[in-house]
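See structure below.
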Amino acid sequence: MKNSHQTELEQFMLQLRRQNPDEIHFHQAVEEVVESVLPWYLQHDEYRRARILERVTEPDRIVSFRITWETDAREVVVNRGWRVQFNHTLGPYKGGLRFHPAVNQSVLKFLAFEQIFKNSLTGLPMGGAKGGADFDPKGKSDREVMRFCQALMLELHRYIGEDVDIPAGDIGVGAREISYLFAQYMRMYNRWAGVITGKSLAYGGSAVRTQATGYGCVYFCENMLNHIGDSLSGKSIAISGSGNVAIYAAEKALQMGAKVITLSDSSGFVLIPDGLNEEQLKYVQVLKEERRGRISDFANTHKAVEFFESARPWSVPCDIAMPCATENELDLNDAQSLHKNGVFAICEGANMPLTADAARFFAEKEILHAPGKASNAGGVAVSGLEQSQNSLRISWSREEVDKRLQGIMADIHQQCIQYGAQQGQVNYVAGANIGGFKRVADTMLAYGIV
Ligand code: NDP
Ligand code: 2IT
3 MKNSHQTELE
13 QFMLQLRRQN
23 PDEIHFHQAV
33 EEVVESVLPW
43 YLQHDEYRRA
53 RILERVTEPD
63 RIVSFRITWE
73 TDAREVVVNR
83 GWRVQFNHTL
93 GPYKGGLRFH
103 PAVNQSVLKF
113 LAFEQIFKNS
123 LTGLPMGGAK
133 GGADFDPKGK
143 SDREVMRFCQ
153 ALMLELHRYI
163 GEDVDIPAGD
173 IGVGAREISY
183 LFAQYMRMYN
193 RWAGVITGKS
203 LAYGGSAVRT
213 QATGYGCVYF
223 CENMLNHIGD
233 SLSGKSIAIS
243 GSGNVAIYAA
253 EKALQMGAKV
263 ITLSDSSGFV
273 LIPDGLNEEQ
283 LKYVQVLKEE
293 RRGRISDFAN
303 THKAVEFFES
313 ARPWSVPCDI
323 AMPCATENEL
333 DLNDAQSLHK
343 NGVFAICEGA
353 NMPLTADAAR
363 FFAEKEILHA
373 PGKASNAGGV
383 AVSGLEQSQN
393 SLRISWSREE
403 VDKRLQGIMA
413 DIHQQCIQYG
423 AQQGQVNYVA
433 GANIGGFKRV
443 ADTMLAYGIV
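Its first residue numbered 3, the sequence shown is counted upward by one per residue in my numbering.
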């Protein structure tokens, strides 16, 4: 027989699916949060009477706009851009911009929804938002990317501001794109404003922002292992992706004495049986960040590295899996294979990289599982610190920012323990969801009916 929580969850999800048809990513993200918070939510009638769950799952607003730009060959191209301003209870809207052909409203709604609770966990004053466009930067020249970013900002500028909504990077949006976007905003307003984070150090960026998501993920993982009397030293880690998050997760993992045995991109993965070394990491960094090349090139140029086309790294035996590429990149088959091969911890660098059944499988097997909204919060946390530095017109040293990042990750870990401790174990998914949700819900109650 179903218990009352399951019935409530099913009824809530039925209504949400009806109101948001076809938005499968959004459904998945909401279901995970609601499943975690319901037992606690139902004990607090004041939340239910204020319809907190109904309110927090409905975005404040979504804007979508046309972006028209010209290729180097003078062809006219039309893309679609969005900004989902989901919830600004805790502070100005904050969240990245993603450029990828698979971007659509469902993807951006799931990302903006997750961002509300992630930002809450950091303890900094930031609401949740996300945006982007169905633009594919692959194969585009710098000038094409520049014209696209300028055209996008011609629309986006109406909705952002340093005390309103502060975008940053995500998939396909790195230092190059942030510079083009920022310069266009400055040109339009004739004033410098900390309206975007992830800026370069030369014009108001923060030390460690580039590294923050990857470093933060590894710091979180170390906290999780320390809590069971273990550490990262000597552990083998399978990392997916080879973008911003993956590269700096790999760098920090190496520094902490772990062995990174895989990296990947959308065309396949590389196996490094002896573990990535510093020289190889530098090669991959230049390959991906400067040459914008493919991960297969790393195997082609290094004898000890093997490339597996169109495959994901989850069949490789490892102690820890760190998915750092994209959503739903690790499914039930992958989870079973990781389990069979002895994995004991999953630490998410990406947002929602596990399918719902993979996450459920790990929970049943009591495998440590840090959800992205906790373990990848280091990026947005340092974005928050970038905003503080911009407001104060000062720059903190690398050491200062790194120390604050470590402190924030340790604090998020503590919140997961506080809200996720269950029969001697820590359910990090439940802990992160309840901890992140509570601060938002309590503040919404304090605000009254808005
Ligand atoms: P990048 O664009 O720097 O790198 C993305 C990496 O993931 C690339 O290796 C890319 O391969 C791979 N990838 C992207 N889409 C797919 C796909 N559909 N299938 C397989 N591989 C794919 O992005 P980031 O490193 O910044 O972001 C990675 C993840 O981390 C995302 O989930 C993002 O939302 C999340 N995140 C990012 C933060 C940040 O500060 N940047 C903060 C918190 C979370 P290819 O080059 O072949 O496309
Ligand atoms: O998913 C994320 O947390 C990000 N892409 C970073 C957002 C930010 O505002 O730094």
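A virtual CB, placed ideally from N, CA and C, is assigned to each residue, including glycine.
Cβ-Cβ distance between residue i and residue j below 8 Å
i	j	result
residue 112	residue 137	no
residue 92	residue 128	yes
residue 1	residue 131	The requested residue 1 is not part of the displayed model; the chain covers only 3 to 452.
residue 388	residue 208	yes
residue 183	residue 198	yes
residue 360	residue 321	no
residue 310	residue 271	yes
residue 344	residue 315	no
residue 383	residue 407	yes
residue 164	residue 195	yes
residue 297	residue 265	yes
residue 114	residue 134	no
residue 449	residue 433	no
residue 255	residue 289	no
residue 2	residue 89	Since the first residue shown for the chain is 3 and the last is 452, residue 2 is missing from the structure and cannot be characterised.
Residue i: first and last residue of the uninterrupted alpha helix (DSSP H) it sits in
i	result
residue 134	Premise fails: residue 134 lies in the beta strand (DSSP E), 129 to 135, not in any alpha helix (DSSP H).
residue 225	211 to 229
residue 247	246 to 257
residue 379	Element bounds for residue 379: n/a, residue is neither H nor E.
residue 41	26 to 43
residue 18	6 to 21
residue 96	Looking at the DSSP string, residue 96 is not in any alpha helix (DSSP H); the run it does join, the beta strand (DSSP E), is 95 to 101.
residue 206	From DSSP, residue 206 is part of no alpha helix (DSSP H); its letter is neither H nor E.
residue 334	334 to 342
residue 407	400 to 422
residue 278	Where residue 278 is concerned, there is no enclosing alpha helix (DSSP H), given that its DSSP letter is neither H nor E.
residue 92	Residue 92 -> no alpha helix (DSSP H), and no H or E assigned at all.
Cβ-heavy atom distance, residue i to the ligand 2IT, below 7 Å
i	result
residue 122	no
residue 208	no
residue 117	yes
residue 353	yes
residue 218	no
residue 97	yes
residue 225	no
residue 377	no
residue 163	no
residue 385	yes
residue 382	yes
Near the ligand NDP: residue i beta-carbon under 7 Å from a heavy atom
i	result
residue 168	no
residue 248	yes
residue 437	no
residue 328	yes
residue 173	yes
residue 7	no
residue 302	no
residue 47	no
residue 331	yes
residue 104	yes
residue 215	yes
Range covered by the beta strand (DSSP E) that runs through residue i
i	result
residue 359	Note, residue 359: premise wrong, no beta strand (DSSP E); alpha helix (DSSP H) at 358 to 366.
residue 71	63 to 72
residue 242	238 to 242
residue 323	322 to 325
residue 87	78 to 89
residue 308	308 to 311
residue 266	261 to 267
residue 271	270 to 273
residue 301	Residue 301 -> not in any beta strand (DSSP E); alpha helix (DSSP H) instead, spanning 298 to 303.
residue 46	From DSSP, residue 46 is part of no beta strand (DSSP E); its letter is neither H nor E.
residue 347	347 to 349
residue 289	First-last for residue 289: undefined, no H or E at that position.
Contact test: residue i Cβ vs the ligand FMN heavy atom, cutoff 7 Å
i	result
residue 199	Among the ligands modelled here, namely the ligand NDP and the ligand 2IT, the ligand FMN does not occur.
*Is there contact here, the segment 117 to 131 with the segment 439 to 450, by at least three beta-carbon pairs under 8 Å?*
yes
*Touching or not, the segment 103 to 112 and the segment 362 to 372, by the rule of three or more beta carbon pairs under 8 Å?*
Touching, no.
*Counting Cβ pairs closer than 8 Å, one from the segment 324 to 331 and one from the segment 241 to 249, do we hit at least three?*
Yes, the segment 324 to 331 touches the segment 241 to 249.
*asked:* Which complete beta strand (DSSP E) runs does the segment 110 to 186 hold, if anything under 3 residues is left out?
replied: 129 to 135 and 167 to 170
_Does the structure place the segment 247 to 260 close enough to the segment 340 to 360 that three or more beta carbon pairs sit under 8 Å?_
Between the segment 340 to 360 and the segment 247 to 260 there are three or more inter-stretch CB-CB distances shorter than 8 Å, so the stretches are counted as touching.
_Below 8 Å, how does it come out for the segment 210 to 220 and the segment 178 to 194: are there three or more Cβ pairs, yes or no?_
no
_Inter-stretch contact at 8 Å, needing at least 3 Cβ pairs: the segment 223 to 238 / the segment 153 to 169_ = no
*Three or more C-beta pairs closer than 8 Å, one from the segment 271 to 282 and one from the segment 290 to 307: is that the case here?*
yes
*Would you call the segment 397 to 404 and the segment 416 to 427 touching, i.e. three or more CB-CB distances under 8 Å?*
no
*Using 8 Å as the threshold, is the segment 8 to 16 in touch with the segment 33 to 52, meaning 3 or more CB pairs across them?*
A contact between stretches requires three or more CB pairs, one per stretch, nearer than 8 Å, and the segment 8 to 16 meets this requirement with the segment 33 to 52.
*Within the segment 425 to 452, note down every full alpha helix (DSSP H) run reaching 4 residues or more, in order along the chain.*
430 to 449
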